[in-house]
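Asker: Just so you know, the protein sequences line up as chains A and B, in that order.
So that you can map any letter, position 164 of the first sequence is 164 in the working numbering, and since no number is skipped, the others follow by simple counting.
If you want the working numbering, it's the 1-based position in the second sequence plus 392.
Even for Gly, the Cβ is constructed at its ideal location relative to N, Cα and C.
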Amino acid sequence: MIVEALTGSKVYFLWLGFLTILFLLGVFAYYQQLKFGLEVTNLSQIVSWGAYIANFTFLVGVAAAAVLMVVPAYVFKIPEVKEIVIIAEIMAFVALILCLMFIVVDLGDPLKSWHLIPYIGKLNFPQSVLAWDVIILNGYLLLNAHVPGYVLYQMYLGNEPKKKYYYPFVFLSIFWAISIHTVTAFLYSGLGGKPFWNSAILAPRFLISAFSAGPALLILVFYTINKVRYHFKVKVKVFKILKSIAAIAFPINLFLVFCEVFKEFYTDSAHVASARYLFTGLHGHNILVPYIWFAIIAQIFVITVFWVPKLRDNSKFLLPACVVGFIGIWIEKGMGLIIPGFLPSPHGIIVDYTPSITEIFVCLGIWSFGALLFTMMAKVAIEILNGKLRVK
Amino acid sequence: MEAGKRMEKVLEKSLNQKVKRRSFLKVFAAAAATSVVPVKEATAFSFSKYFQKHYKEMTEADKKKVFARITKEAKEKYNTSINISEPQAITGVKYAYCLNLKACNGSRMCVTACAEENNIDPDIGSYIKVLEMPIGTSNTERGDLFYDEHNLPKDGKYYLPTQCNQCDNAPCTKVCPVEATWKEKDGLVVIDYDWCIGCRYCQAACPYEARHFNFKEPKIDKSKLNTQQSYLSNRVRSKGVMEKCTFCLHRSREGQYPACLEACPTGARKFGNILDPKSEVAQIFKHKRVFVLKEELNTMPQFFYYFD
């Protein structure tokens, strides 16, 4: 299997090499951070979470989105989906690895992260929502390692995977997927001192944004697989399902954003300041304003594409729509959610935050590591799924 | 490569520190003027620190070892002997702070005293912030932190010092994923700096901006180092952990007033045991109309304000 992951065309190697270089640059940037401390980031006492936590939040959504393939495959038993559900599960697995990496790089003293291990360390469970998140994310990681791992390995050996060894975990993972994003939303919405986050619709917003960005990413991944693996095709039916989900999820996502905007601006209480900072700028600070409006306009474009049959069935429109939709959600629930939560500070201070060069390289490094891992795992999985790769 | 790295660092720093610097520029103008004695850049990696137990679970023997390590590290870094203690909460004592807003003149003497007492890095500044507030509001967002210190107090303004409220229903201790911060029996919220992983969730949770993070290895002017230190309060922190006001635990538990109270030129600050009916704070409670900041959050601060 390892051999399969490391053999391929020139393009494949160029791609792997490119990702490896980016990853190594990230490692170097992280080394700088370890040496000098989080001082090398643009985080401050005011904006104390930034790009790392924003990416973490977004990737939890990507991981949760696997459920969009798991449900049609195992609950509705759609054969076309069942063929490729493993790919979605691998994507969730990789996304979770990246989540954990983003958490670790955000820690001030990562060598003490063993304090988070129950019994050995001192995990503050059930009081701290972050403790819940540690458990729930690692649990989902195990589920998504076990199911595709078991199925693929049995197929590799030429055995029929036994349902009793993975079906229970598949159904557990459906509920688990919802809970990972709910708990992650509760991290923020449970803080009374941050009115921008202290909103009951944050968890639904997180889920629906995951169900928007998720299909967009899956469409792109499956399209790429169809382009490069000539003897393995993701069926049209799968794309149809993903398009339908995105066509529903994106409008609901925008609707929920609108609900928040209405509440903040119509009430016009002192708490509107953070929303103003994001949408209109506050006291001349408007660094996020173009980004959030880009995100909103991007989503309107995406909805148009997914709703007009001619456009959604034309890859010239569909693929760009998936790309901008993915980026739009990334902005909206990443930086667009984390940064305004801190601003203005309780003492009325506004510190504009943009990631430092080091932060950008660390983030790119982690994302490239994810792409690298996913490419190799998906390649092996596809070769096993189509029957080419078997134990000799 | 070396030069490139340095350039990047300088660039990063100037970007980073713009605001942080500005905030404490005035307060620490004096401190900045005296040259800061360079501290050894890379502190020796302390292996044992990373396998240390949680403070509450340490035996006397563990503590002895840990205190010896801390003393040794201070010796290496600052070339002075420090005295590290661990005064315990006294039964029947619960600390409360009362601040007379009528008396406070915005001198910021408490701010400086706090920094010196607690060995605070200049980039963090102090655990106390003083806001110049327009009359007619108690919304701290409307205050001005960067007011000019000349001709105080100004007409139409009042001065509102803020620091850790030692909340009874503290959001910060609740969210900590590793129990590195907790509330002691006498009401003080403390941190085991050697157990904190630096996730900064408590900083996000605190509605009073009372928690501070060490983005780098703290650098304290050697001549200003307070050598009377305690494990849970003013000992020198390391890179990547949180720190906060403890009402000068190492003083208050020994029967002294916190440094900020002693520095106050107007007598606006009152501190004591709220459980003792004869204490000054208990008397203020009885006779004055006291209030807390952000009462709607139900954090139950133990830091009270009143107008005399």
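Any beta carbon from chain A within less than 7 Å of K566(B)'s own beta carbon?
Answerer: True, the Cβ-Cβ gap to chain A drops below 7 Å.
Asker: At 4 residues or longer, what runs of the alpha helix (DSSP H) sit wholly inside the segment 191-261 of chain A?
Answerer: Segments of the alpha helix (DSSP H) lying fully in the segment 191-261 of chain A: 202-228.
Asker: Straight-line CA distance for P290(A) to I297(A)?
Answerer: Rounded to whole angstroms, P290(A) to I297(A) spans 10 Å at the Cα level.
Asker: Under three-state DSSP, which class holds E524(B)?
Answerer: In this structure, E524(B) counts as strand in the three-state DSSP scheme.
Asker: How about F125(A) and H146(A): do their beta carbons lie closer than 7 Å?
Answerer: No, they are not a contact pair.
Asker: Which residue from I178(A), L217(A) and G192(A) puts its Cα closest to that of A203(A)?
Answerer: Of the candidates I178(A), L217(A) and G192(A), the one whose C-alpha sits nearest the C-alpha of A203(A) is I178(A).
Asker: Label K310(A) either buried or exposed according to how many other C-beta atoms from any shown protein chain fall within 10 Å of its C-beta, with 16 as the threshold for buried.
Answerer: Answer is exposed; the Cβ neighbour count stays below 16.
Asker: Give a single yes or no on whether T483(B) has its beta carbon closer than 6 Å to a heavy atom of the ligand MG.
Answerer: The ligand MG is not among the ligands present in this structure, which contains no ligands whatsoever.
Asker: Taking only runs that begin and end inside the segment 502-567 of chain B, name each unbroken beta strand (DSSP E) of 3 or more residues, in chain order.
Answerer: Here the runs fully enclosed are 521-526 and 549-554.
Asker: Quick one: which unbroken beta strand (DSSP E) runs of 3-plus residues sit fully inside the segment 289-359 of chain A? Chain order, please.
Answerer: Complete beta strand (DSSP E) runs here, min 3: none at all.
Asker: Looking at the structure shown, is T280(A) part of a helix, part of a strand, or coil, going by DSSP?
Answerer: T280(A) falls in the coil class under three-state DSSP.
Asker: Nearest by alpha-carbon distance to L372(A): which of N144(A), Y12(A) and M1(A) is it?
Answerer: Considering only alpha carbons, the answer is Y12(A).
Asker: Going along the chain, which residues of the segment 102-130 of chain A sit with their C-beta nearer than 9 Å to a C-beta in chain B?
Answerer: So the list reads I103, D106, L107, G108, D109, P110, L111, K112, S113, W114, H115, L116, G121, K122, L123, N124, F125, Q127, S128, V129 and L130, given in the order they occur along the chain.
Asker: Can you look up M634(B) in the DSSP assignment and give me helix, strand or coil?
Answerer: It is a strand residue.
Asker: So, at 6 Å on beta carbons, what are the nonlocal neighbours of C556(B) in its own chain, with the 5 sequence-adjacent residues on each side left out?
Answerer: Cβ within range, chain order: A602, K636 and C637.
Asker: So, do the segment 379-386 of chain A and the segment 114-134 of chain A have three or more beta carbon pairs nearer to each other than 8 Å?
Answerer: Contact between the segment 379-386 of chain A and the segment 114-134 of chain A is absent, because fewer than three Cβ pairs lie under 8 Å.
Asker: Comparing the C-beta of G528(B) with each C-beta of chain A, is any distance below 7 Å?
Answerer: G528(B) does not count as touching chain A.
Asker: Below 8 Å on the Cβ atoms is my contact criterion, and I expect L493(B) with F696(B) to pass it. Report the Cβ-Cβ distance as a whole number of Å.
Answerer: No, L493(B) and F696(B) are not in contact; Cβ-Cβ is about 11 Å, not under 8 Å.
Asker: Pull up the CB-CB distance for S630(B) and N606(B), whole angstroms please, since I reckon it's below 8 Å.
Answerer: With a Cβ gap of about 7 Å, S630(B) and N606(B) count as contacting.
Asker: Could you check the C-alpha separation between H181(A) and L491(B) for me, to the nearest Å?
Answerer: If I take the Cα positions, the gap works out to 43 Å.
Asker: For a cutoff of 7 Å on Cβ pairs, would you count I589(B) as touching chain A?
Answerer: Closer than 7 Å to some Cβ of chain A, the Cβ of I589(B) qualifies, so yes.
Asker: Given this structure, state the Cα-to-Cα distance separating E687(B) from S530(B), to the nearest angstrom.
Answerer: So the two alpha carbons sit approximately 11 Å from each other.
Asker: Using a threshold of 7 Å, state whether the C-beta atoms of G158(A) and G590(B) are closer than that.
Answerer: No.
Asker: Using a 10 Å radius around the Cβ and a threshold of 16 neighbouring Cβ atoms, would you call H604(B) buried or exposed?
Answerer: The residue in question, H604(B), is buried, as its Cβ has 16 or more Cβ neighbours within 10 Å.
Asker: Between S499(B), C506(B) and E533(B), which has its C-alpha nearest I516(B)'s C-alpha?
Answerer: It is C506(B).
Asker: What in chain A is Cβ-close to C598(B), meaning under 7 Å?
Answerer: Going along chain A in sequence order, the residues near C598(B) (Cβ under 7 Å) are G193.
Asker: Whose Cβ in chain A lies nearer than 7 Å to the Cβ of K608(B)?
Answerer: Result: F36, G37 and E39.
Asker: For chain B, find out if any of its Cβ atoms is closer than 7 Å to the Cβ of H347(A); answer yes or no.
Answerer: By this cut-off, H347(A) is an interface position.
Asker: Would you call E609(B) buried or exposed, if buried means 16 or more other Cβ atoms sit within 10 Å of its Cβ?
Answerer: That one is buried.
Asker: Would a check of beta-carbon distances place E687(B) closer than 7 Å to chain A?
Answerer: E687(B) does not count as touching chain A.
Asker: Taking Cβ-Cβ distances below 9 Å as the criterion, which residues of the segment 549-573 of chain B are in contact with chain A?
Answerer: Within the segment 549-573 of chain B, the qualifying residues are T554, P563, T565, K566, V567, C568, P569, V570, E571 and A572.
Asker: Work out the CA separation of V257(A) and P340(A) for me, nearest whole Å.
Answerer: C-alpha separation (whole angstroms): 14 Å.
Asker: If we ignore side chains and look at the alpha-carbon of each, how far apart do T304(A) and L38(A) end up?
Answerer: Rounded to whole angstroms, T304(A) to L38(A) spans 42 Å at the Cα level.
Asker: Nearest to P195(A) by alpha carbon, out of E260(A), V105(A), F93(A) and A131(A)?
Answerer: Among E260(A), V105(A), F93(A) and A131(A), the Cα nearest to that of P195(A) belongs to E260(A).
Asker: State the DSSP-derived secondary structure class of Y698(B), mapped to helix, strand or coil.
Answerer: If DSSP states are grouped into helix, strand and coil, Y698(B) belongs with the strands.
Asker: Quick one: is Q694(B) near chain A, going by C-beta distance under 7 Å?
Answerer: No - not a single Cβ of chain A is within 7 Å of the one on Q694(B).
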